[in-house]
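Beneath this line is the structure, given in structure tokens, with notes to follow.
There are 2 protein chains.
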Amino acid sequence: MAESGEFLYPAKWLSKASTGYRVTCELRMRIISGGIGSGTILSENKLAADFAVSRSPVREALKILASENIIRLERMGAVVIGLTEKEIAEIYDVRLLIETFVFERLVRMDINELVKELSKILEMMKVAIKYSDADEFSYQDVLFHETIICTINHSYILMIWNNLKPVMESFILLSMRMRFKEKYDDFTRIVNNHELYIEAIKTKDRALMIESLHQNFDDVQGKVEDLWMSQQILSKRIEQEKD
Amino acid sequence: MAESGEFLYPAKWLSKASTGYRVTCELRMRIISGGIGSGTILSENKLAADFAVSRSPVREALKILASENIIRLERMGAVVIGLTEKEIAEIYDVRLLIETFVFERLVRMDINELVKELSKILEMMKVAIKYSDADEFSYQDVLFHETIICTINHSYILMIWNNLKPVMESFILLSMRMRFKEKYDDFTRIVNNHELYIEAIKTKDRALMIESLHQNFDDVQGKVEDLWMSQQILSKRIEQEKD
DNA sequence: TCAAGTATACTTGTATACAAGTATTATAAC
DNA sequence: GTTATAATACTTGTATACAAGTATACTTGA
Numbered sequence: 001m002a003e004s005g006e007f008l009y010p011a012k013w014l015s016k017a018s019t020g021y022r023v024t025c026e027l028r029m030r031i032i033s034g035g036i037g038s039g040t041i042l043s044e045n046k047l048a049a050d051f052a053v054s055r056s057p058v059r060e061a062l063k064i065l066a067s068e069n070i071i072r073l074e075r076m077g078a079v080v081i082g083l084t085e086k087e088i089a090e091i092y093d094v095r096l097l098i099e100t101f102v103f104e105r106l107v108r109m110d111i112n113e114l115v116k117e118l119s120k121i122l123e124m125m126k127v128a129i130k131y132s133d134a135d136e137f138s139y140q141d142v143l144f145h146e147t148i149i150c151t152i153n154h155s156y157i158l159m160i161w162n163n164l165k166p167v168m169e170s171f172i173l174l175s176m177r178m179r180f181k182e183k184y185d186d187f188t189r190i191v192n193n194h195e196l197y198i199e200a201i202k203t204k205d206r207a208l209m210i211e212s213l214h215q216n217f218d219d220v221q222g223k224v225e226d227l228w229m230s231q232q233i234l235s236k237r238i239e240q241e242k243d
Numbered sequence: 001m002a003e004s005g006e007f008l009y010p011a012k013w014l015s016k017a018s019t020g021y022r023v024t025c026e027l028r029m030r031i032i033s034g035g036i037g038s039g040t041i042l043s044e045n046k047l048a049a050d051f052a053v054s055r056s057p058v059r060e061a062l063k064i065l066a067s068e069n070i071i072r073l074e075r076m077g078a079v080v081i082g083l084t085e086k087e088i089a090e091i092y093d094v095r096l097l098i099e100t101f102v103f104e105r106l107v108r109m110d111i112n113e114l115v116k117e118l119s120k121i122l123e124m125m126k127v128a129i130k131y132s133d134a135d136e137f138s139y140q141d142v143l144f145h146e147t148i149i150c151t152i153n154h155s156y157i158l159m160i161w162n163n164l165k166p167v168m169e170s171f172i173l174l175s176m177r178m179r180f181k182e183k184y185d186d187f188t189r190i191v192n193n194h195e196l197y198i199e200a201i202k203t204k205d206r207a208l209m210i211e212s213l214h215q216n217f218d219d220v221q222g223k224v225e226d227l228w229m230s231q232q233i234l235s236k237r238i239e240q241e242k243d
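Chains A and B supply the protein sequences, listed in that same order. Per full-length UniProt numbering, the very first residue in the first sequence carries number 1; after that it's consecutive. Per full-length UniProt numbering, the very first residue in the second sequence carries number 1; after that it's consecutive.
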């Protein structure tokens, strides 16, 4: 699949991944970053040629991305939907919905283990910030919320999370990479916010939890254009490759 | 794919469907009905042989069923999870979650068109009852809720529905088929319940809507063993086929 | 009888081949 | 110039082939 420089998805995270999974992740990143713009029609054959793989893994990728709602499979070709502000707001609607549900269950559980685990993740996040590792930070950020959700052992809530996760992960990844360059002090706010979340769980304070979730939402609101801007750089690089 | 008698999924609904989709639907029905029991290990090759198709559509089916949480893809073979009471309760948790969310949006919208559409569907349901058409009734039942959800135009809520829908559809299908034989008077209650739901939307009465949803939930609770019982008949038929 | 190693029969993931169908384009007739 | 028809170049969906890896079972050695 050619060199690593041209890929958006962290190569580390794909160490033992199949070709299909690699294509899925990379395609997702290009769509969410805007590198492949909304409305673009994707062809299995072209994609297979671009990635230098056969149609099998590409088909797999398209099916997955369609179930994630960032492309739409039509009779001829897959149409890119992408992430506009509307979609991002919708994702946060769902996050609010499921994390609130999870919280209601948590308050009736023993959460000592969870709090310990979350504290660990938070420490990891701090280290990631210290070493300006945007990818690691994103990973821990997503893991933080996943850990909370997994605690209640609800397979269908987990199903929703699993459908949402890849798109969120990609979005957070791109967003964090950008901010590590430009808005470094954002991170202290994000960490504070997660501390608030842990505190909410510890004290079983529902209002505090909702507040910190909303704040988390505000943190990424209106960042789509920024993502587009950072994408300009990438687009140019891709153009150069084609020459 | 052999004769039609041995299939659980309505052939009508597969008129122009691909082989992959047919396998998906049929496999789902067999798993949910209990014909393929929880814990069973499915092999792509065996399934392909059973359905007399190649591995491609079978692979597709397994991927989809895994995303629906009724099987689990492992290194060697797919393990059947199935639907226990726990899973059914979880599905209704999610339904309650999303339909409540939808309702909150509905109350701020013009719902004249929706109410008209729902009334039409309800009439269809009545006709289906009159002619003892369990499959048609199930179709309209699922359509009823889908129509409500689609109204708010929320792509990620719709995504959740789309993930939930196939399993629910199969479950309702099996449940209704059985009740058409044994518990015919259940249907007046179900219709009444849907009338209540329409009323709740019309009057924007949140409490009434929740009540009718809960009632809808109670309607299918504790029906899993029944499903198992009705499955015994099928199991025997399959055994006979093998001889 | 038991342990170790090898052979075999499975497994998945990917590539390729083929068939059926659909858009597009080019050509021919008016 | 315009329309209708035919040829071509695409599309997806399915089948098949192949490679790499894993579990099982059997054989060989003590």
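Virtual Cβ for every residue (Gly too), placed ideally from N, Cα, C. All values derive from a computational prediction rather than experimental measurement.
Close Cβ partners of residue i (< 8 Å) along its chain, the five nearest in sequence each way excluded
i, result
"Val167/A", "Arg28, Ile32, Glu68, Asn69, Ile70, Leu83, Ile91"
"Glu195/A", "Leu122"
"Lys16/B", "none"
"Met124/B", "Glu136, Gln140"
Candidates the options, of which the one nearest residue i by Cα
i, options, result
"Ile201/B", "Ser138/B, Met178/B, Glu117/B", "Glu117/B"
"Leu65/A", "Ile81/A, Val53/A, Ala52/A", "Ile81/A"
"Tyr37/B", "Ala49/B, Phe7/B, Ala78/B", "Correcting the residue identity first, residue 37/B is Gly in this sequence and not Tyr. Taking only the C-alpha atoms, the option nearest Gly37/B is Ala78/B."
"Ile41/B", "Met76/B, Arg55/B, Pro10/B", "Met76/B"
"Lys165/A", "Gln140/A, Lys126/A, Ala11/A, Lys204/A", "Gln140/A"
"Lys204/A", "Asp218/A, Lys130/A, Arg108/A", "Arg108/A"
"Asp185/B", "Glu44/B, Lys126/B, Cys25/B", "Lys126/B"
"Ile157/B", "Val94/A, Thr188/A, Gly35/A", "Val94/A"
"Leu213/A", "Arg177/A, Phe144/A, Phe7/A, Glu85/A", "Phe144/A"
"Ile148/B", "Met124/B, Val115/B, Met159/B", "Val115/B"
"Phe187/A", "Phe51/A, Lys130/A, Gly34/A, Asp50/A", "Lys130/A"
Host beta strand (DSSP E) of residue i (start-end)
i, result
"Asn83/B", "Note on identity: in this sequence residue 83/B is Leu, with Asn being the wrong assignment. No beta strand (DSSP E) holds Leu83/B; DSSP gives it neither H nor E."
Beta carbon of residue i nearer than 8 Å to that of residue j
i, j, result
"Ile198/B", "Leu122/B", "yes"
"residue 256/A", "Val142/A", "Within the shown structure, residues of chain A are numbered from 1 to 243, placing residue 256/A beyond reach of any answer."
"Ile98/B", "Trp161/B", "yes"
"Asn163/A", "Asn163/B", "yes"
"Glu155/A", "Glu146/B", "Inspection of the sequence shows that residue 155/A is occupied by Ser rather than by Glu. Cβ atoms of Ser155/A and Glu146/B: not closer than 8 Å."
"Glu44/B", "Arg55/B", "yes"
"Glu60/B", "Thr100/B", "no"
"Ile190/B", "Ser138/B", "no"
Residues near residue i by beta carbon distance below 7 Å, same chain, minus five either side
i, result
"Lys183/B", "none"
"Asp243/B", "Its pLDDT being 38, under 50, Asp243/B is placed unreliably by the model, and the measurement read from it follows with that caveat. Within the same chain, Asp243/B has no close Cβ partners at all."
"Leu73/A", "Leu62, Ala66"
"Phe180/A", "Ser132, Ala134"
"Glu136/B", "Ala128"
"Ser216/B", "One point to set straight first is that residue 216/B is Asn, not Ser, in the sequence displayed. Once the five neighbours on either side are set aside, the close Cβ partners of Asn216/B are Asn193."
"Tyr9/A", "Cys25, Glu26, Met29"
"Cys150/B", "Leu158"
"residue 306/B", "An answer regarding residue 306/B cannot be provided, because it is not within the stretch 1 to 243 covered by chain B."
"Arg206/A", "Phe103"
Residue i - containing alpha helix (DSSP H), residue span
i, result
"Phe187/B", "186-202"
"Ile31/B", "19-33"
"Ala11/B", "No alpha helix (DSSP H) contains Ala11/B, which DSSP labels as neither H nor E."
"Lys183/B", "Premise fails: Lys183/B is in no alpha helix (DSSP H) and is neither H nor E."
"Val127/A", "112-130"
Contacts around residue i, its chain only, beta-carbon distance under 6 Å, and the 5 residues preceding and following it disregarded
i, result
"Ser119/A", "none"
"Ile152/A", "Val102, Arg105"
"Thr19/A", "Val53, Pro57"
"Leu47/A", "Val58"
"Met209/B", "Phe103, Ala200"
"Arg177/A", "Ala134"
Problem - Runs of alpha helix (DSSP H) wholly within the stretch 135-171 of chain A (minimum 4 residues, chain order) - result: Annotation: the stretch 135-171 of chain A contains no complete segment of the alpha helix (DSSP H) (minimum length 4 residues).
Exercise for the section: Mind listing, in chain order, the continuous beta strand (DSSP E) runs of no fewer than 3 residues lying wholly within the stretch 49-104 of chain B? Expected result: 71-73, 78-80, all fully within the stretch 49-104 of chain B.
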